[in-house]
Amino acid sequence: AGDAIYPSTLEPWAEWLSGEQGKAPWGAGETPWDPLAFWVQEAHRRGLELHAWFNPYRARPTAAKSALAATHIAVRQPAVVKRYGDQLWMDPAEPAAVTQTLAVVADVLRRYDVDGVHIDDYFYPYPVQAEGADVPFPDDEPWARYQLGGGALTRDDWRRAQVDDMVRALQRTVRDVKPHVRLGVSPFGLPRPDRRPPGITGFSQFDKLYADAERWLEQGWLDYWAPQLYWPIAREGQQFPVLLDYWLSANPQQRHVWPGLFTSQSRAANNPWPAREFVDQIDAVRARPAAGGHIHFSLVSLMPEKDPQKLGELLKLKTYGEPALVPVTTWLSAPLVGTPVLRAKAKVVTIEAAPGEPARRWAVWQRHGGAWRFAVQAAPERVVIAPGADAVAVAAVDRLGRLSESAMIRL
């Protein structure tokens, strides 16, 4: 929202940490706390990836309470920020707004070891209603400039072109600064109207958010695609499997497709979805080899104290019984990781990393009675405890999910 949850010279501190936009959250001593640095460190210590999530255009949400800081873009460059309903939005047609977004993303990439950059489903804002009709987004000034310059697109196509240009520029920025970082998007889950499977109905991001999402997927501008499939399997007009199959079929560049599940509905106050719905949705994803995984929205619904249906326990017991690695991203570039060296003392195996590029995690196999059991360990964990095993094999996993040659040692 034009602010930052980390120290930045480009945007003010977010108010959510201190109660006041522009005010740093102080840690011990006289150094501001850096939540993003903490999150990256702690995620990697656990073998998790961390993808930094950005809304490219939102400047002030409804829930904001404190005054805008002097360094906020709405104060520094008021002409590029528009009030729409009870929110502020950076105008996608204002070059300075796009420049700001790209600079912020590049700054995070340079300063933090994030594994991905993620953009949400907000492009042009969801329509505000007044007297039963959509209120037009207030972009008359850049639209007039475009027409005076000889532009021939319709207004809707012109708006979509602004978003297209931002997405392409974002891809170039990520590739230029850190070529191994994945760029992802979680678009609204319904296709554009002229491409919908029979029977699919509902909101059109193509016409209302001016997001030609299918084009981005077809052109390979994103590395992973997380369409918000926030409907049950049997919902008439928005059936989960039908929508999943559509997005898989719209993916000629074979980018990752990891649909978003509306897990928060398991704890909804009214008409909560049964926990079994999410198990069935994950089973539907896994039944399609072209879908490489799924994403929960949101984590809070899987925390025991916020999980009245014990969905987290059900997933742990039934669905997530075995560990898995993040699918390999074959089209990006990163240094390969060398084969580790294993040393054993009794049933304890020590992993020695190969020189050069560090591993991001370890793929570990233990052999028990002729059967191999798989596990994943975070990179800092260099010891494998293997009671009952007669052999251990370990491969290093690099930034893109590629495995080194595996080393094996008999016990």
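For the sequence shown, the tail end lands on 926 under our numbering, and the numbers increase by one without skipping.
Here a beta-carbon is modelled for each residue, glycine too, at the ideal position from N, C-alpha and C.
In this text, all values refer to a predicted model and were calculated from it rather than measured experimentally.
Checklist entry - Taking the DSSP output, what are the residues bridged to A893? => result R876
Item to check | Cβ separation of E867 and P855, assumed to be a contact under 8 Å, to the nearest whole Å | outcome: 6 Å
Checklist entry - Within this structure, are the beta carbons of L826 and A790 separated by less than 7 Å? => result yes
Item to check | 4-residue-minimum alpha helix (DSSP H) runs that sit fully inside the region 738-816, ordered along the chain | outcome: 755-764 and 790-801
Checklist entry - DSSP on A618, reduced to helix/strand/coil? => result helix
Next on the checklist: Tell me the rounded alpha-carbon separation between Q686 and G631.
Outcome noted: 12 Å
Next on the checklist: Using 7 Å as the threshold, is the C-beta distance between A784 and L732 below it?
Outcome noted: no
Checklist entry - So the beta strand (DSSP E) V632 belongs to, where does it begin and stop? => result G631 to I634
Checklist entry - Run through DSSP, which three-state label would K538 get? => result coil
Checklist entry - Tell me, which residues are paired with G836 by DSSP? => result DSSP lists no partner for G836.
Checklist entry - Measuring CA to CA, which of D628, T586 and W568 is closest to P694? => result D628
Checklist entry - Can you list, in chain order, the residues of its chain whose CB lies under 7 Å from that of A859, leaving out five sequence neighbours each side? => result I924 and L926
Item to check | Alpha carbon of A938 to alpha carbon of A874, nearest angstrom | outcome: No answer is possible for residue 938: it lies beyond the span of the chain, which begins at 516 and ends at 926.
Next on the checklist: Less than 7 Å between C-beta atoms, sequence neighbours within five positions excluded: which residues of the same chain meet that for Q677?
Outcome noted: P607 and A608
Checklist entry - What is the DSSP secondary structure of T688, counted as helix, strand or coil? => result helix
Checklist entry - How about W604 and R683: do their beta carbons lie closer than 7 Å? => result no
Checklist entry - Per DSSP, what kind of secondary structure is V643 in: helix, strand or coil? => result coil
Next on the checklist: Measuring only the C-alpha atoms, how far is F638 from R573?
Outcome noted: 8 Å
Checklist entry - Does the region 588-605 come close enough to the region 662-670 that 3 or more CB-CB pairs lie under 8 Å? => result no
Checklist entry - When we look at the beta-carbon of I900 and count the other beta-carbons within 10 Å, is it buried (16 or more) or exposed? => result exposed
Checklist entry - Could you give the distance in angstroms between the alpha-carbon of A726 and the alpha-carbon of W541? => result 39 Å
Item to check | Cut-off 8 Å between Cβ atoms - residues of its own chain near Q644, not counting five sequence neighbours on either side | outcome: V650
Item to check | Three-pair Cβ contact test at 8 Å for the region 811-823 versus the region 876-889 | outcome: no
Checklist entry - Roughly how many angstroms lie between the CA atoms of D760 and D654, to the nearest whole one? => result 36 Å
Next on the checklist: Taking the straight line between their C-alpha atoms, what separation do you get for T616 and R625?
Outcome noted: 14 Å
Checklist entry - Three-state secondary structure (DSSP) at K693? => result coil
Checklist entry - What first and last residue would you give for the beta strand (DSSP E) that runs through H566? => result H566 to F569
Next on the checklist: I'd like to know whether the C-beta atoms of W554 and L563 end up nearer to each other than 7 Å.
Outcome noted: no
Checklist entry - Is the Cβ-Cβ distance between G501 and A878 less than 7 Å? => result With the chain covering only 516 through 926, there is no way to say anything about residue 501.
Item to check | Pairwise C-alpha distance: Q824 and D913 | outcome: 37 Å
Next on the checklist: I'd like the span of the beta strand (DSSP E) that includes W604, first residue to last.
Outcome noted: Q602 to M605
Checklist entry - How would you write the range of the alpha helix (DSSP H) that K860 sits in, first residue to last? => result Taken as a continuous stretch (DSSP letters only), K860 belongs to no alpha helix (DSSP H), being part of the beta strand (DSSP E) at V856 to K860.
Checklist entry - Hey, quick one: how far does the alpha helix (DSSP H) through V555 stretch, first residue to last? => result P550 to R560
Checklist entry - Taking buried to mean at least 16 other C-beta atoms within 10 Å of its own C-beta, is K831 buried or exposed? => result exposed
Checklist entry - When DSSP builds the beta bridges, which residues end up paired with W731? => result According to DSSP, which records beta bridges pairwise, W731 is partnered with nothing at all.
Checklist entry - Expressed to the nearest angstrom, what Euclidean distance is found between the alpha-carbon atoms of S701 and V794? => result 21 Å
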